[in-house]
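Respectively, the protein sequence lines represent chains A and B.
Residues 3 to 465, numbered by our numbering, are exactly what the first sequence covers, in order.
Residues 85 to 602, numbered by our numbering, are exactly what the second sequence covers, in order.
Glycine included, each C-beta is placed from N, C-alpha and C at the ideal position.
These numbers come from a predicted model, not from an experiment.
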Amino acid sequence: MAHPYMPNSTPDARAAMMRAAGVTDVDELFEQIPADHLAAEPIALGDGVRAEASVRRHVRRLLDRNDSCAENLNFLGAGCWQHYVPAVCDEIASRSEFLTPVWGTPSSDHGRNQAWFEYASQLGELVGMDFVGLPVYSWGAAAGHAIRMAARMTGRREVVVPATLDPERLAVIRTYCGGEGGEAIAVVVARHDPDTGRLDLADLEAKVGDATAAVYLETPNHLGVVEADAAAVARLARGHGAETIVGVDPISLGVLKPPSEYGADITVGTTQPLGVHMNAGGGVGGFIATRDEERYAREYPTLQVSLADTRVPGERAFGMTLFHQTSYGSREEGNDWTGNSVYLWTVVNAVYMALMGPRGFADIGATIAANSAYAARRIGTVPGVSVRWPSGFFKEFVVDFTATGRTVAQVNAALRARGIFGGKDLSADFPELGQAALYCVTEIHTADDITALVSALHEVVAA
Amino acid sequence: MNSFPRRYHAAVWDEPLIMEQGAPGRRGTVPPGPIEAAGDLLPEGMRRTTPPALPEVAEPDVLRHYLRLSQQTMGMIGISLFGTCTMKYNPRVGELLAARDQLAEIHPHQDDAAIQGLLEIVHEFDLMLRELSGMGRFIFQAGGGAAAAYVHACVTRAYHESRGELAQRRDVITTAQAHPCNPATAAAAGFNVITLPVERDGYPSLDALRAVVGDGTASLMINNPDDMGIYNPHIKEWVDLVHEAGGLCFYDHANFNGVMGRIRAAELGFDACMFMLHKTFGAPKGGGGPAVGAYGCTPELEPFLPGPLVVRTDSGYERRENEAGVGRVREFLGNLPQVVKAYSWTLAMGADGIREAADISVLANNYMETRLLAIPGVTKSFDHLTARRLEMTRYSLGEYTEETGVTAVDVQNRMTDYGVDAFWLSHEPWIVPEPFTPEAGEGWSKEDIDYWIDVLAHVMEEGRTDPELVRSAPHNQVVAQIDTASLDDPARWATTWRAYRRKNERENERQNEREVTA
Chain A
3 MAHPYMPNST PDARAAMMRA AGVTDVDELF EQIPADHLAA EPIALGDGVR AEASVRRHVR
63 RLLDRNDSCA ENLNFLGAGC WQHYVPAVCD EIASRSEFLT PVWGTPSSDH GRNQAWFEYA
123 SQLGELVGMD FVGLPVYSWG AAAGHAIRMA ARMTGRREVV VPATLDPERL AVIRTYCGGE
183 GGEAIAVVVA RHDPDTGRLD LADLEAKVGD ATAAVYLETP NHLGVVEADA AAVARLARGH
243 GAETIVGVDP ISLGVLKPPS EYGADITVGT TQPLGVHMNA GGGVGGFIAT RDEERYAREY
303 PTLQVSLADT RVPGERAFGM TLFHQTSYGS REEGNDWTGN SVYLWTVVNA VYMALMGPRG
363 FADIGATIAA NSAYAARRIG TVPGVSVRWP SGFFKEFVVD FTATGRTVAQ VNAALRARGI
423 FGGKDLSADF PELGQAALYC VTEIHTADDI TALVSALHEV VAA
Chain B
85 MNSFPRRYHA AVWDEPLIME QGAPGRRGTV PPGPIEAAGD LLPEGMRRTT PPALPEVAEP
145 DVLRHYLRLS QQTMGMIGIS LFGTCTMKYN PRVGELLAAR DQLAEIHPHQ DDAAIQGLLE
205 IVHEFDLMLR ELSGMGRFIF QAGGGAAAAY VHACVTRAYH ESRGELAQRR DVITTAQAHP
265 CNPATAAAAG FNVITLPVER DGYPSLDALR AVVGDGTASL MINNPDDMGI YNPHIKEWVD
325 LVHEAGGLCF YDHANFNGVM GRIRAAELGF DACMFMLHKT FGAPKGGGGP AVGAYGCTPE
385 LEPFLPGPLV VRTDSGYERR ENEAGVGRVR EFLGNLPQVV KAYSWTLAMG ADGIREAADI
445 SVLANNYMET RLLAIPGVTK SFDHLTARRL EMTRYSLGEY TEETGVTAVD VQNRMTDYGV
505 DAFWLSHEPW IVPEPFTPEA GEGWSKEDID YWIDVLAHVM EEGRTDPELV RSAPHNQVVA
565 QIDTASLDDP ARWATTWRAY RRKNERENER QNEREVTA
């Protein structure tokens, strides 16, 4: 029986092609492969399931065993965040034209290239920078590449990062900084001030020096705290000839300053909050942005599109700029490497930013700041439960359960039984915080949601 | 039957940039208001004072703008025989499954107990790839084929470090026909790259390898067959040589489509391999991701894999850190929607379908070759080699270009005027002049393949009678041929609208000054 995915799986099509190719047995076409290279045993997978209905039911049954954040109440963030995805984002993401292209030309995939340019342009407005590459795999990858850019620019081999960094992201950064005999770029960890959750400037000052290629900071940081001294950090870095790399969650940039205004040289961050579903972590993406200066532009490892003219006066097209410095253009002589990334999400990000506009970003930022502060205040009323840094945060905050005598694991297990995903357990990665969890509250949460959480916490700690 | 060629013209909307649209006060979406009004919650010095200069556009206008941009994108709506990328059909049932809340609205930090179905799919698909490759375990963290090559470079680093030999083993050996990601990721991981040139047989000789392999060898990173469709029959000896010297061997299986079901990487002696789920396993390209480079290795290398690993236990599936591993190459488990799509595709294809797909891919390529070589001006790379090529063949328009002055890029552009997606030329370095590399795969009908060939022949004939028509192509596309002069000019390149406006304001000012002076 012909397979629905294979138009030529009919005897007639095969016979016609075999006749033209001059073979009587398809095996003749594999003559290059020596006999002793062939698989010792046939591939032991089942026979193909040609009925789509059967495939769909089988996979659907497996997926339905998952509990999602749609039918449960979720307070997990920490590198992947639940935001509302406008319907138009999903509609555009599912368009076959955007779903399927591979490479194309500036003329025949013009619409996709224009969407990419609109992504870069709108993101550039949010971060206050005018050179933006197409995205890379994740925030951690973006930070890793940015650090490597700084190392090449300065000829130095150290980066200073905050102790509050997400261990998941730090692990990616360490991999990117790796090289012969450990780290090609040494990762120096600067302490944070336990009273504020912010970078400890004195410790930073002691660790930044003539070997420092870059200081990397995030605001809000992984623990939700806005780094109010970001400008001082950038001044310190600049004073030592180091680059300042700032990591941001762009959903905050309607209410928080663009990094360009407090001294960032390179801005990186996540693209997932901009209209992309969490997808079990498969929604993440990362961006890199800088001033439009050759010193930076010539170190990008990414692809990027530039607005250009065509042969027709007044007509625009979008072509790859600085392609030669990528690994496609120069193999191992290029900057790091590039390849398939998350470009479908790039289109979705463009749609999301266009839908939001300046007021949408201001509104969502205000709502997230207010909702997370509201939730923190109410959670802090539960006996034995406290919020570690009760002000100056955005979207995420640290909840300390130590005084309840319970571990976060116990609390979260009890919450799960009540249909609630409690905050990310920090006790293993940040033991100095005690039995602490990172709670994430966004625009999707309602007063009823917070009441449900607080009631559940009352029960859990009293049990 | 329609006459040839079919009439075609791309959609042209003259669509302005979204930044040029809208009007003050319009809203595209309105986020929920706060639970309760709050004052200034953020540190004063960090508050934004100037709103971002984003467009203000209503929802229907945003929708229609991006629908128009989609119509101005060919994607796989036309015929795309883009070699090395195995452009095959992406079953839409995978899209419907991946869009379900039970995948789209899963948070990666959810408890293992809450995502058992997903972890089971990851595990089962791992088993399928083990069966196809003979490897001991697969991970899906790498967000593309290049990222999987990078995983290998990092695993290589960890492996040699664990044996105290990293300082000595500095060389990664590859070939000029390997994808650029192999040398590039090796270099990014800190290795020296040795690139062996292709010789008369279509691949580097065993002697060339022998001359560079030694106690400085960290790994071999290689594809087979290469992008010319040539299979290196000495690959086992290559692997043995590198192993004898203490190095690892990585099989970049980008070109798996022609050999799937017939060979297993581990049986050839490789320590690790990589499959691209967005090529071979039916997941869509998305214009360049989200993608997955599935990295598989032998049990000996498993301790060095980035974590977490998905393991099956008596009480279900769980994610387990890999303590001696390379940490992470990317956050979380990977692009799991693509894994679910690839799993669905593999179920639908089965062992029989996968074998048949390889047969059809190789058959279709050889059918194409018969027809293409009948077109005057088309020659085959390394045409002294008579053995049948596998799932793709690299051709050259070098003779044709000498005759007409029309290049492969010109032909590529003109073919888009007939609804045919640009063909693949060649990765750097080009080892044949004016290369082009089609790959039919199993997803395109004989009629489509014939049409593609007919268009190529037609365009080449156009180039003989009216070369300027082809050189100035495309003419039926969304926009005309791009003027590339500005792309690498720092004074003119513009990756954002704000950069474009700034640079062009200056240009306008300069022009005004010139006019005043004149």
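- Burial state of VAL314 (chain A) is exposed, judged by a 10 Å Cβ sphere holding fewer than 16 other Cβ atoms.
- Assignment of alpha helix (DSSP H) within the region 435 to 490 of chain B, counting only whole runs of 4 or more residues, yields 482 to 488 in chain order.
- The beta carbon of VAL539 (chain B) sits closer than 7 angstroms to those of PRO89, MET499, TYR502 and VAL504, all from its chain and outside the five residues before and after it, given in chain order.
- The way I'd put it, the region 371 to 389 of chain B does touch the region 210 to 220 of chain B; three or more beta-carbon pairs between them come closer than 8 angstroms.
- Residues of the region 441 to 462 of chain B with a Cβ closer than 8 angstroms to any Cβ of chain A, in chain order: ALA441, ASP443, ILE444, VAL446, LEU447, ALA448, ASN450, TYR451, GLU453, THR454 and ARG455.
- Taken atom to atom, the span from the alpha-carbon of LYS259 (chain A) to that of ALA364 (chain A) is near 11 angstroms.
- For the region 79 to 100 of chain A, the set of residues with a beta-carbon nearer than 8 angstroms to any beta-carbon of chain B comprises ALA80, GLY81, CYS82, GLN84, TYR86, PRO88, VAL90, ASP92, GLU93, ILE94, SER96, ARG97, SER98, GLU99 and PHE100, in chain order.
- Neighbours of MET155 (chain A) across chain B, judged by C-beta separation under 7 angstroms, do not exist; the nearest C-beta is about 16 angstroms away.
- Shown here for ARG414 (chain B): same chain residues with a beta carbon closer than 6 angstroms to its own, the five before and five after excluded, namely GLN225 and GLY227 in chain order.
- GLY359, PRO360, ARG361, GLY362, PHE363, ALA364, ASP365, ILE366, GLY367, ALA368, THR369, ILE370, ALA371, ALA372, ASN373, SER374, ALA375, TYR376 and ALA377: these are the residues of the region 359 to 384 of chain A whose beta carbon lies less than 9 angstroms from some beta carbon of chain B, given in chain order.
- The beta carbon of ALA233 (chain B) is closer than 6 angstroms to those of CYS265, ASN266 and THR269 in its chain, skipping five residues each way along the sequence.
- Secondary structure note for ASN406 (chain B): it is in no alpha helix (DSSP H), with a DSSP letter that is neither H nor E.
- Distances from the CA of ARG404 (chain B) to each of B:ASP195, B:VAL424 and B:ARG284 were compared; the closest alpha carbon is that of B:ASP195.
- Against chain A, the beta carbon of LYS530 (chain B) has neighbours under 8 angstroms at PRO9, ASN10, ALA15, ALA18 and MET19, listed in chain order.
- Sequence-distant partners of GLY345 (chain B) (beyond 5 residues in either direction) whose C-beta falls short of 6 angstroms from its own C-beta, in its chain, are ILE438, ARG439 and ALA442.
- Looking at A:ARG418, A:VAL463 and A:ARG420, the one whose alpha-carbon comes closest to that of THR404 (chain A) is A:VAL463.
- Using beta-carbon distances, ASP267 (chain A) does not count as an interface residue toward chain B, since no partner is under 8 angstroms.
- Boundaries of the beta strand (DSSP E) around TYR379 (chain B): 377 to 381.
- For the region 548 to 563 of chain B, the beta-carbon criterion of a distance under 7 angstroms to any beta-carbon of chain A is satisfied by SER556, PRO558, GLN561, VAL562 and VAL563.
- In the DSSP assignment, TYR330 (chain A) falls within the alpha helix (DSSP H) that extends over 329 to 332.
- In summary, ARG59 (chain A) is exposed, with fewer than 16 beta-carbon neighbours lying within 10 Å of its beta-carbon over all protein chains present.
- Nearest CB-CB separation between LYS369 (chain B) and chain A: below the 8 angstroms threshold.
- ASP427 (chain A) is classed as buried because its beta carbon has at least 16 other beta carbons within 10 Å across all chains shown.
- LEU255 (chain A) belongs to the set of residues whose beta carbon lies under 8 angstroms from a beta carbon in chain B.
- Taken through DSSP and simplified to helix, strand or coil, ALA4 (chain A) comes out as coil.
- By the CB criterion at 8 angstroms, ARG241 (chain B) and ALA273 (chain B) fall inside the cutoff.
- Counting C-beta pairs with one atom in each stretch, the region 396 to 416 of chain A and the region 426 to 441 of chain A have three or more that are closer than 8 angstroms, which means they touch.
- One Cα belongs to ASP285 (chain B), the other to LEU469 (chain B), and the distance between them is close to 7 angstroms.
- Per DSSP, reduced to three states, the secondary structure at THR409 (chain A) is coil, with no helix or strand assignment.
- Residue ranges of uninterrupted beta strand (DSSP E) with 3 or more members, entirely inside the region 312 to 388 of chain A and ordered along the chain, are 318 to 322.
- Nearest C-alpha to VAL394 (chain B) among B:GLY201, B:ALA95 and B:GLU593: B:GLY201.
- Proximity of chain B to GLY336 (chain A) at the Cβ level (cut-off 9 angstroms) is accounted for by PRO264, ALA268 and ALA271, in chain order.
- In the structure shown, CYS265 (chain B) adopts helical secondary structure according to DSSP, grouped into three states.
- Judged by their CB atoms, LEU420 (chain B) and GLY283 (chain A) are nearer to each other than the 8 angstroms cut-off.
- The beta carbon of ASN174 (chain B) sits closer than 8 angstroms to some beta carbon of chain A.
- Inside the region 202 to 254 of chain A, DSSP marks whole alpha helix (DSSP H) runs of 4 or more residues at positions 203 to 209 and 232 to 241, from first to last along the chain.
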